[in-house]
Amino acid sequence: MHMVWKIGLLGWVITMMSIDMAKVADGAVSENVMKKIDVINSMGPYLGVVVPNTFEMGPFLNSPSFVPHPHLPFLDFAGRRFRIGAVETRKVVVVMTGLSTINAGIATQLLLSLFDIEGVVHFGIAGNANPQLQIGDVTIPHYWAHTGLWNWQRWGDDADDELALESTGDYTREIGYLKFSDYNNTTNVSESTDNFLNRVWYQPEEIFSIDGQPEVRQHAFWVPADTHYLSLAKNLEGMKLERCVNSTCLPRTPEVVLVERGVSANVFVDNAAYREFLRSKFNATPIDMESAAVALVCLQQMKPFIAIRALSDLAGGGSSVSNEADAFAPLAAQNAVSVMLSFVNLTVPHVGVRPVLWSLMACNFFGSVVWKCSAGPLSTLCVAPVSGNNSFLALCGGSGVDGRLG
Numbered sequence: 003m004h005m006v007w008k009i010g011l012l013g014w015v016i017t018m019m020s021i022d023m024a025k026v027a028d029g030a031v032s033e034n035v036m037k038k039i040d041v042i043n044s045m046g047p048y049l050g051v052v053v054p055n056t057f058e059m060g061p062f063l064n065s066p067s068f069v070p071h072p073h074l075p076f077l078d079f080a081g082r083r084f085r086i087g088a089v090e091t092r093k094v095v096v097v098m099t100g101l102s103t104i105n106a107g108i109a110t111q112l113l114l115s116l117f118d119i120e121g122v123v124h125f126g127i128a129g130n131a132n133p134q135l136q137i138g139d140v141t142i143p144h145y146w147a148h149t150g151l152w153n154w155q156r157w158g159d160d161a162d163d164e165l166a167l168e169s170t171g172d173y174t175r176e177i178g179y180l181k182f183s184d185y186n187n188t189t190n191v192s193e194s195t196d197n198f199l200n201r202v203w204y205q206p207e208e209i210f211s212i213d214g215q216p217e218v219r220q221h222a223f224w225v226p227a228d229t230h231y232l233s234l235a236k237n238l239e240g241m242k243l244e245r246c247v248n249s250t251c252l253p254r255t256p257e258v259v260l261v262e263r264g265v266s267a268n269v270f271v272d273n274a275a276y277r278e279f280l281r282s283k284f285n286a287t288p289i290d291m292e293s294a295a296v297a298l299v300c301l302q303q304m305k306p307f308i309a310i311r312a313l314s315d316l317a318g319g320g321s322s323v324s325n326e327a328d329a330f331a332p333l334a335a336q337n338a339v340s341v342m343l344s345f346v347n348l349t350v351p352h353v354g355v356r357p358v359l360w361s362l363m364a365c366n367f368f369g370s371v372v373w374k375c376s377a378g379p380l381s382t383l384c385v386a387p388v389s390g391n392n393s394f395l396a397l398c399g400g401s402g403v404d405g406r407l408g
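Sequential numbering of the sequence shown, starting at 3, is according to this note's numbering.
Okay, here's the thing in structure tokens:
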């Protein structure tokens with residue numbers, strides 16, 4: 003009988019472990035995480051801040067302008083840490099993407115799917131393809147494109163030949179191409195020779211908008227930043243930025259510049275020839291690996307978007323010895339953070355606004371069902387979410403109230 007009891011207990015433990023594991027299997031949001039998300043969203047809406055990596059996240063988190071929520075400073079989900087807090091008067095949810103367009107797209111979609119986000123600000127550093135600008139300048143493009151989706155044309159075909167699957171609408175020749183033989187080294191030959199790599203044709207992305215019919219594709223190449231956000235960003239021109247790294251200073255003080263276009267792809271560009279091609283073909287200024295992906299997700303989810311990129315290097319167009327990012331990336335990252343923080347403050351309505359001071363709020367949340375209003379001289383409206391979308395409102399007087407929702 004004792005052995006039977008042990009076997010029965012073991013079976014119960016295994017069953018309960020299986021049930022618990024099932025709650026988080028296949029990427030599903032667990033009940034515990036969902037409760038925390040409900041609490042966070044009850045305090046929204048938020049501005050989403052999307053950061054490429056720790057290099058840019060560090061100076062942002064060290065800024066006194068960012069104040070984490072005292073009781074829910076972050077939520078970890080699906081390998082991402084979503085930081086909850088405020089930048090002066092603006093509530094924000096901050097997420098780091100990691101390197102590449104794939105990571106940027108995943109992180110941005112998770113941000114918009116999980117939280118009550120009304121707009122997205124993306125910032126970071128970038129290579130510079132524009133000879134009129136210098137390292138340290140902060141660029142804000144009107145348009146972004148992903149330049150890493152290609153149709154690689156077979157050897158023997160030329161620009162007048164139809165691409166594979168072009169007739170079905172999968173690919174196009176409308177955007178243009180890069181011909182590899184244009185970049186052959188012809189120093190030791192009398193005339194240019196062809197190249198077996200032929201040419202690659204740049205392609206628009208397939209998108210599926212939330213206001214469209216499911217599984218019916220649309221196409222997008224140049225994705226616009228939000229016009230209202232761009233109008234706000236014009237107020238940042240003339241902003242004072244850092245010029246020196248230790249004793250090494252730039253020729254002039256960096257500037258905030260609204261530019262026409264930026265491009266992204268899963269390529270770190272440190273090549274003068276390709277830099278010049280991106281400039282001449284697309285009129286690109288910043289070259290990075292994430293912004294276009296963030297823009298494409300926001301386009302499909304119909305969320306306003308803007309990207310702020312500080313120029314850290316010349317993308318191969320400078321010294322033949324080393325990339326300038328080795329010396330100036332920290333300065334560029336700090337300038338990007340400074341401009342982003344100033345922009346976030348511009349997004350707040352100026353009527354009846356008061357700073358968001360989490361530490362002074364008399365609302366403390368524990369889990370999803372407990373609320374507490376601390377004693378204080380002023381009455382404070384506390385919102386304590388329960389399961390689902392319901393909320394409990396309590397007006398707490400100076401004596402303080404503590405309770406548990408039933």
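Just so you know, even glycine gets a beta-carbon here, dropped at the ideal spot from N, CA and C. All of these numbers come straight from a predicted model, not from anything done at the bench.
(message) Can you tell me whether G378 is helix, strand or coil according to DSSP?
(response) On the sequence shown, position 376 is the one that residue 378 refers to. With a pLDDT of only 33 at G378, under the threshold of 50, the placement of this residue in the model should not be trusted; the figure read from the coordinates follows. Coil, per DSSP.
(request) Rounded to whole angstroms, what's the CA-CA distance from M342 to I310? Just pull it up for me. (result) Mapped onto the sequence shown, residue 342 falls at position 340. Mapped onto the sequence shown, residue 310 falls at position 308. Taking the straight line joining both Cα atoms gives about 7 Å.
(message) Contact between the segment 211-226 and the segment 299-310 is defined here as three or more beta-carbon pairs at a separation below 8 Å; is this criterion met?
(response) yes
(message) Using a Cβ-Cβ cutoff of less than 7 Å, which residues in the same chain neighbour D118 once the five nearest sequence positions on both sides are dropped?
(response) Here residue 118 refers to the residue found at position 116 when the sequence shown is read from its first residue. So the list reads N43, G46, P47, Y48, once near-sequence residues are dropped.
(request) Answer yes or no: do Y173 and V225 have a C-beta to C-beta separation smaller than 8 Å? (result) Numbered from its first residue, the sequence shown carries residue 173 at position 171. Numbered from its first residue, the sequence shown carries residue 225 at position 223. No, these two residues do not count as a Cβ contact at 8 Å.
(request) Given a cut-off of 8 Å, decide if V261 and T141 are closer than it, judged by their beta-carbon atoms. (result) Position 139 of the sequence shown, counted from the first residue, corresponds to residue 141. Position 259 of the sequence shown, counted from the first residue, corresponds to residue 261. Against a cut-off of 8 Å, the Cβ pair of V261 and T141 comes out as a contact.
(request) Could you check how far apart the C-beta atoms of W152 and R175 are, in whole angstroms? I think they sit under 8 Å. (result) Taking the sequence shown and counting its residues from 1, one reaches residue 152 at position 150. Taking the sequence shown and counting its residues from 1, one reaches residue 175 at position 173. At roughly 12 Å, the Cβ-Cβ gap does not stay under 8 Å, so W152 and R175 are not in contact.
(request) Measure the Cβ-Cβ separation of R263 and N248 and say whether it is below 8 Å. (result) Here residue 263 refers to the residue found at position 261 of the sequence shown. Here residue 248 refers to the residue found at position 246 of the sequence shown. In this structure, N248 does not lie closer than 8 Å to R263 by Cβ.
(request) Check the C-beta distance from A128 over to A295 and give it rounded, since I have them as a contact under 8 Å. (result) For the purposes of this step, residue 128 is taken as residue 126 along the sequence shown, with counting starting at 1. For the purposes of this step, residue 295 is taken as residue 293 along the sequence shown, with counting starting at 1. That belief does not hold up - the Cβ atoms of A128 and A295 are roughly 14 Å apart, past 8 Å.
(message) Only counting the same chain, and skipping five residues up and downstream in sequence, which positions put a Cβ closer than 8 Å to that of D78?
(response) Here residue 78 refers to the residue found at position 76 when the sequence shown is read from its first residue. So the qualifying residues of the chain are F84.
(message) Is it buried or exposed, Q215, if we count other Cβ atoms within 10 angstroms and call 16 or more buried?
(response) As a working mapping, residue 215 is identified with position 213 in the sequence shown. By the neighbour-count rule (16 or more Cβ atoms within 10 Å), Q215 is not buried but exposed.
(message) From the DSSP secondary-structure annotation, give me the bridge partner or partners of L280.
(response) Stepping through the sequence shown from its first residue, residue 280 is reached at position 278. In the DSSP output, where bridge partners are listed per residue, L280 has none listed.
(message) What would DSSP say about S65, mapped onto helix, strand or coil?
(response) As a position in the sequence shown, residue 65 is number 63, starting the count at 1. It is coil, neither helix nor strand.
(request) Mind listing, in chain order, the continuous alpha helix (DSSP H) runs of no fewer than 4 residues lying wholly within the segment 28-83? (result) 33-44, 56-63
(message) On the DSSP bridge list, what partners appear for Y231?
(response) On the sequence shown, position 229 is the one that residue 231 refers to. Its beta-bridge partners do not exist; DSSP assigns none.
(request) Return the bridge partner residues of V339 from the DSSP annotation. (result) Here residue 339 corresponds to residue number 337 of the sequence shown, with the count starting at 1. The partner list for V339 (beta bridge, DSSP) is empty, contrary to what the question assumes.
(request) Give me the Cβ distance between A222 and E207, rounded to the nearest whole Å; I'm assuming they're in contact under 8 Å. (result) As a position in the sequence shown, residue 222 is number 220, starting the count at 1. As a position in the sequence shown, residue 207 is number 205, starting the count at 1. About 6 Å; that satisfies the 8 Å criterion.
(message) Taking 8 Å as the cut-off, does the segment 279-293 touch the segment 264-271 (at least 3 CB pairs, one atom from each stretch)?
(response) yes
(message) Just to confirm the assignment, what range does the beta strand (DSSP E) spanning N153 have?
(response) Position 151 of the sequence shown, counted from the start, is the residue given in the question as residue 153. Where N153 is concerned, the enclosing beta strand (DSSP E) stretches over 152-154.
(request) Compare the beta carbon distance of A317 and D272 with 8 Å and say whether it is the shorter of the two. (result) Working through the sequence shown from its first residue, we reach residue 317 at position 315. Working through the sequence shown from its first residue, we reach residue 272 at position 270. Result yes, Cβ atoms of A317 and D272 sit closer than 8 Å.
(message) Does A109 pass the burial test, meaning 16 or more other C-beta atoms within 10 Å, or should it be called exposed?
(response) Position 107 of the sequence shown, counted from the first residue, corresponds to residue 109. Its Cβ being crowded by 16 or more others within 10 Å, A109 is buried.
(request) Could you tell me if G171 is buried or exposed, where buried requires 16 or more neighbouring beta carbons within 10 angstroms of its beta carbon? (result) As a working note, residue 171 is residue 169 in the sequence shown. G171 should be labelled exposed.
(request) Tell me, to the nearest whole angstrom, how far the beta carbon of S87 is from that of F68; I am working on the premise that it is less than 8 Å. (result) Taking the first residue of the sequence shown as 1, we reach residue 87 at position 85. Taking the first residue of the sequence shown as 1, we reach residue 68 at position 66. It is Gly, not Ser, that sits at residue 87 in the sequence shown. At roughly 6 Å, the Cβ-Cβ gap stays under 8 Å, so G87 and F68 are in contact.
(request) List the whole-angstrom C-beta distance separating M291 from S32, where the pair is believed to meet the contact cut-off of C-beta under 8 Å. (result) Position 289 of the sequence shown, counted from the start, is the residue given in the question as residue 291. Position 30 of the sequence shown, counted from the start, is the residue given in the question as residue 32. Not quite, the Cβ-Cβ distance comes to about 31 Å (not below 8 Å), so this is no contact.
(request) Would you give the residue range spanned by the beta strand (DSSP E) that I310 belongs to? (result) If you number the sequence shown from 1, residue 310 lands on position 308. Residues 307-315.
(message) Using only the alpha-carbon positions, how far apart do R156 and Y185 sit?
(response) To locate residue 156, count along the sequence shown from 1; it is residue 154. To locate residue 185, count along the sequence shown from 1; it is residue 183. Roughly 18 Å between the two C-alpha positions.
(message) I'd like the list of long-range same chain contacts for A275, defined as Cβ closer than 6 Å, with 5 residues on each side in sequence excluded.
(response) Position 273 of the sequence shown, counted from the start, is the residue given in the question as residue 275. For A275, where only same-chain residues beyond five positions count, the Cβ hits under 6 Å are Y185.
(message) 8 Å is my cut-off, CB to CB: does Q134 come that close to chain E?
(response) The chain inventory of the structure shown lacks chain E, comprising one protein chain alone.
(request) Compare the Cα-Cα distances from N64 to each of C300, A335, T349 and report the closest residue. (result) Walking along the sequence shown from the start, residue 64 turns up at place 62. Out of C300, A335, T349, A335 has the C-alpha closest to the C-alpha of N64.
(message) Could you give the first and the last residue of the continuous beta strand (DSSP E) run that contains T141?
(response) On the sequence shown, residue 141 is found 139 positions in, with the first residue counted as 1. T141 -> beta strand (DSSP E) spans 140-148.
(message) Quick check: the Cα distance between P98 and M241, rounded to an integer number of angstroms?
(response) Locating residue 98 in the sequence shown gives position 96, where the first residue counts as 1. Locating residue 241 in the sequence shown gives position 239, where the first residue counts as 1. For the sequence presented, residue 98 should be read as Met rather than Pro. About 26 Å.
(message) Which residues does DSSP list as the beta-bridge partners of E208?
(response) Locating residue 208 in the sequence shown gives position 206, counting from the first residue. Bridge partners of E208: H221.
(request) From the DSSP output, in three-state form, read off G93 for me. (result) The residue labelled residue 93 in the question sits at position 91 within the sequence shown. The sequence shown places Lys at residue 93, not Gly. Here K93 sits in strand by DSSP.
(message) Quick check on N187: does DSSP put it in helix, strand or coil?
(response) Taking the first residue of the sequence shown as 1, we reach residue 187 at position 185. The answer is coil: DSSP assigns N187 none of H, G, I, E or B.
(request) Count the other CB atoms, across all protein chains shown, that sit within 10 Å of the CB of D139; report buried if there are 16 or more and exposed otherwise. (result) Against the sequence shown, residue 139 aligns to sequence position 137. So D139 ends up on the buried side.
(request) For the beta strand (DSSP E) containing L180, list its first residue and its last residue. (result) To locate residue 180, count along the sequence shown from 1; it is residue 178. Element bounds for L180: 179-181.
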